[in-house]
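K.L.:
To start, I am sharing the structure in question, which I have written as structure tokens.
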Amino acid sequence: ASAFNYFYHENHINVDDKEVKKARLCLTMMTRDLIKKSLWLIGVNAPKKM
């Protein structure tokens, strides 16, 4: 989570380059899903919105 937080802080997601934007959105969604599943495995419900 901290590595993604650093990435998100240092890089804009909504950029003009469509391929970069697509890759960053994909990384964001994959990270979200991974954190959600990890929390589920340890018995913690992820908040729907932060």
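So for the sequence shown, the working numbering puts the first residue at 1092; every next one is plus one. Beta carbons are placed, not taken as given, at the ideal position from N, Cα and C, and that holds for glycine.
#1: Quick check: the segment 1093-1113 against the segment 1131-1141, are there 3 or more CB pairs under 8 Å?
#2: Can the beta-carbon of Ala1094 be found closer than 8 Å to that of Ile1126?
#3: Residues in the same chain with beta-carbon distance under 8 Å from Lys1112, minus the five sequence neighbours each way, listed in chain order, please.
#4: Under 7 Å Cβ to Cβ from Leu1116, same chain only, skipping five residues before and after it: list those, please.
P.N.:
According to the structure shown:
#1: no
#2: Sequence index remark: in the sequence shown, residue 1094 carries index 3 (1-based). Sequence index remark: in the sequence shown, residue 1126 carries index 35 (1-based). Their beta carbons are not under 8 Å apart, which means Ala1094 does not touch Ile1126 by this criterion.
#3: For this step, residue 1112 is matched to residue 21 along the sequence shown. Same-chain partners within the cutoff: Ile1104, Asn1105 and Val1106.
#4: Residue numbering aside, residue 1116 sits at position 25 when the sequence shown is read from its first letter. Ile1104, listed in sequence order.
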